[in-house]
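**Student:** Position 41, counted from 1, in the sequence shown is what our numbering calls 41; the numbers after and before it change by one each time, with no gaps.
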Amino acid sequence: MSQQRDLAIGFSDLRGFTSYTAERGNQQAFRVAQAFAGLVGDEVDRHGGRVLKTYGDGIMTSYDEVGSALHCVSAMQKSLSEFNETQDEPLSAGIGLAWGSVLETDDDVFGHSVNVAKRLADVAKGGQIVVPAAICEHAGDESGFVFRKVGEKTLKGLGSHLLYELVWRDEVANLALTDDTLNLVLTEEGTLVLEFAKPITERLRAVQDKLLAKEASGSQDAMGQKMAKRLLDSFPKFLDAAQRWAGMGIEHPLDQVDATLKRGKLRVVLPTGKPMVFTISSEEEERAQRFVDSVLARKRGTQPPE
């Protein structure tokens with residue numbers, strides 16, 4: 001039997017799973033996937049949804065109402081964040097949620113909104129919940145949910161969509177880099193969250209290909225060739241790091257973090273002691289400075305500047 005009706009469809013993708021499996025082996029990866037499925041399944045049961053299928057590092061769910069779906073995916077991220085407090089290595093997930101007419105069978109659903117939800121999960125950074133405008137419209141102004149506009153994004157095979165992020169944390173400040181590789185989130189709980197995008201690996205490979213092409217053409221001077229060779233020699237390390245953190249959402253206590261902005265460079269020092277340096281455009285420099293000021297104010301226990 002099958003029927004046509006409106007449903008909210010969610011996809012929850014565990015991040016870093018491929019590299020984790022390669023490093024830790026199938027048994028440990030299976031235990032991680034089971035833990036993730038358990039967290040998601042518990043929240044789906046609490047909020048009246050349905051787990052439709054699991055696919056290794058991801059889970060597909062459905063809901064009769066938009067409000068229930070939004071409460072559920074928010075609870076998923078919160079449960080995952082709480083679970084990570086007890087783990088040596090954090091788990092991270094990107095979630096996509098869409099609403100629309102689907103063809104529903106006993107154990108599966110089919111339709112355009114299913115494809116949209118999957119693509120939204122693909123573009124979500126680790127720790128993000130990404131939704132289309134239709135979800136915001138169905139939620140309504142009185143729902144109490146907070147949505148932040150992400151902007152127009154091209155979803156693979158589905159064209160351009162106006163996307164929003166469901167804000168599920170109590171945030172003090174949020175800084176999205178203009179190249180869309182990373183969001184930095186300052187929370188009320190006194191943590192700095194780094195939400196990495198998945199496509200960073202693809203971008204690094206594109207840069208690597210360009211360097212290889214220039215090296216092969218011999219069009220650069222001796223200094224340029226030397227620099228290109230040094231960059232190419234370092235690329236295995238860059239790619240390894242990108243694959244490890246692609247799509248991840250990593251949370252750090254503020255007392256272990258430092259942030260500065262100087263001459264267009266945002267420098268974030270994490271508990272490892274190694275700085276992450278980002279080039280900030282003139283257009284985003286004011287927002288970046290406000291973000292840094294908020295981090296430092298929270299570390300001092302004072303109110304962030306307005």
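Just so it is clear, CB atoms sit at the ideal spot from N, CA and C, and this is done for glycine as well.
Given the structure is predicted, the values throughout are model-derived calculations rather than measurements.
(1) Can you check DSSP and say which residues form a bridge with Ser12?
(2) May I have the straight-line CA-CA distance separating Leu184 from Val295, to the nearest angstrom?
(3) Any contact between the region 24 to 38 and the region 126 to 136? By contact I mean 3 or more CB pairs, one from each, below 8 Å.
(4) Could you give the residue range of the alpha helix (DSSP H) that holds Phe36?
(5) Output needed for Phe145: all residues of its chain with C-beta closer than 6 Å, excluding positions within five of it in sequence on either side, in chain order.
(6) Tell me whether Val102 is buried or exposed, calling it buried when 16 or more other Cβ atoms sit within 10 Å of its Cβ.
(7) Rounded to the nearest angstrom, how far is the Cβ of Ala93 from that of Ser143, given a contact under 8 Å?
(8) Check whether the region 110 to 125 touches the region 147 to 166, taking contact to mean three or more Cβ pairs, one atom from each stretch, closer than 8 Å.
(9) From Gln289, Val193, Arg287, Glu283, pick the residue whose C-alpha is nearest to that of Gln77; which is it?
(10) Using 8 Å as the cut-off, can you tell me whether the region 159 to 168 makes contact with the region 50 to 57, which would need three or more C-beta pairs spanning the two stretches below that distance?
(11) Check the C-beta distance from Val130 over to Arg148 and give it rounded, since I have them as a contact under 8 Å.
(12) Let me confirm a value: Phe110 is counted as buried when at least 16 other C-beta atoms fall within 10 Å, else exposed. Which label applies?
(13) Assign Ser2 to one of two classes, buried (16 or more other C-beta atoms within 10 Å of its C-beta) or exposed (fewer than that).
(14) So who's on the other strand from Ala176, going by DSSP bridges?
(15) Got a sec? Which residues, its chain only, sit under 7 Å from Ser68 by beta carbon, not counting five neighbours each side?
(16) When DSSP labels each residue in this structure, what does Ile129 get in the three-state scheme?
(17) What's the call for Arg298, buried or exposed, on a 16-neighbour Cβ count within 10 Å?
(18) DSSP three-state label for Asp122, please.
(19) Confirm, please, whether the CB-CB distance from Leu14 to Gly344 is below 8 Å.
**Tutor:** With the given structure in hand:
(1) Ile59, Ile95
(2) 10 Å
(3) no
(4) 26 to 46
(5) Leu70, Ala139
(6) buried
(7) Contact doesn't hold; Cβ gap of about 23 Å is too wide.
(8) yes
(9) Val193
(10) no
(11) Between Arg148 and Val130 the Cβ distance is about 10 Å, and since that is not below 8 Å, they are no contact.
(12) exposed
(13) exposed
(14) Asn183
(15) His47, Gly48, Gly49
(16) strand
(17) buried
(18) helix
(19) Outside the shown range of the chain (1 to 306) lies residue 344, about which nothing can therefore be said.
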